[in-house]
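Numbering (this note's numbering), first residue to last: 1046 to 1257.
Working notes, structure below.
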Amino acid sequence: MKELCGMRLGKDGWDYHAIRVSEQLECAFNAPLEVDLTQRHIYFAIRSPDGSGGEGPSADGGNPNAVALAKRQAVEAQALVENIKIELEEATREWESLEKEMGKVQGTLSDLRGQLGETGSQLADYREQLVDFEEQLRNIQTQVREMEDELLKLTRAMVSLEYDYQLALARLRARHPGVEIKEDPFILLPEDADIPMAEEQPFDDSPPPIEE
């Protein structure tokens, strides 16, 4: 341990030199640290292998080149600190702006998600309504086909009835030439004018076959 404490640090037979910066402004313990390297006293110590040399402020003497170098390095360090502070402030402002933009984007995204949910609900309702409309359409088409079938049956029945009437009338006139028919049930009347129906229906007026 004694040997360790007695060791001297150096290189090529020369001890290391040290620059000490002092007179940091005193302030409250919780105040932000403001680094100011322009207000300082620079101390240096250079010792030769034989132990010669001394320590003292640069104002009282010393190596002028070392003092000038220390001053230049201090000014550069102060400028670097100021640049870092400016960049840090800009980065902080950009971060705050990004946080605000992110908040707006998140709000917009939340609104879009809400609208998407509402649209999905409306789409489901529209699909249900479409299924109902398709079912109603199929029912209507079925009813129309049934009505067409009934109309076709009715038309056939009317044609058959008129045919039978005309056949019976022909037979009556053949047997009784002097008989007059005052009213024809198949004549077009004013109240039947709006009903689409052919005025003449073909029928077979040949005499019926002879019964055996």
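Quick reminder that beta carbons are idealized off the backbone N, C-alpha and C, glycines included.
Item: Could you give the C-beta distance for Ile1226 and Leu1214, rounded to a whole number, given that I count them as a contact under 8 Å?; Value: 7 Å
Item: As an exercise, report each continuous alpha helix (DSSP H) stretch of at least 4 residues that is fully enclosed by the segment 1164 to 1189, in chain order.; Value: none
Item: Could you give the C-beta distance for Val1224 and Arg1218, rounded to a whole number, given that I count them as a contact under 8 Å?; Value: 6 Å
Item: Does Ala1169 pass the burial test, meaning 16 or more other C-beta atoms within 10 Å, or should it be called exposed?; Value: exposed
Item: Please report how far the alpha carbon of Thr1164 lies from the alpha carbon of Thr1200, in whole angstroms.; Value: 52 Å
Item: Taking the alpha-carbon positions, what's the Arg1117 to Glu1134 distance?; Value: 26 Å
Item: Under the rule that 16 or more other beta-carbon atoms within 10 Å means buried, what is Ala1202, buried or exposed?; Value: exposed
Item: Under the three-state reduction of DSSP, which class applies to Asp1239: helix, strand or coil?; Value: coil
Item: Would you decide whether Glu1068 is buried or exposed? Buried here means 16 or more other CB atoms lie within 10 Å of its CB.; Value: Caution applies to Glu1068, whose pLDDT of 43 falls short of 50 and renders its modelled position unreliable; the value that the coordinates give is listed next. It is exposed - the Cβ of Glu1068 has fewer than 16 other Cβ atoms within 10 Å.
Item: Rounded to the nearest angstrom, what separates Glu1127 and Ala1113 at their Cα positions?; Value: 21 Å
Item: Can you give the Cα-Cα distance for Val1150 and Leu1143, rounded to whole angstroms?; Value: 10 Å
Item: Let me see if you follow: with CB-CB separation under 9 Å, is Thr1187 close to chain C or not?; Value: As a matter of chain content, chain C is missing from the structure shown, which is built from one protein chain.
Item: Look at the alpha carbon of Ser1205 and the alpha carbon of Asp1177, and state the distance between them as a whole number of angstroms.; Value: 42 Å
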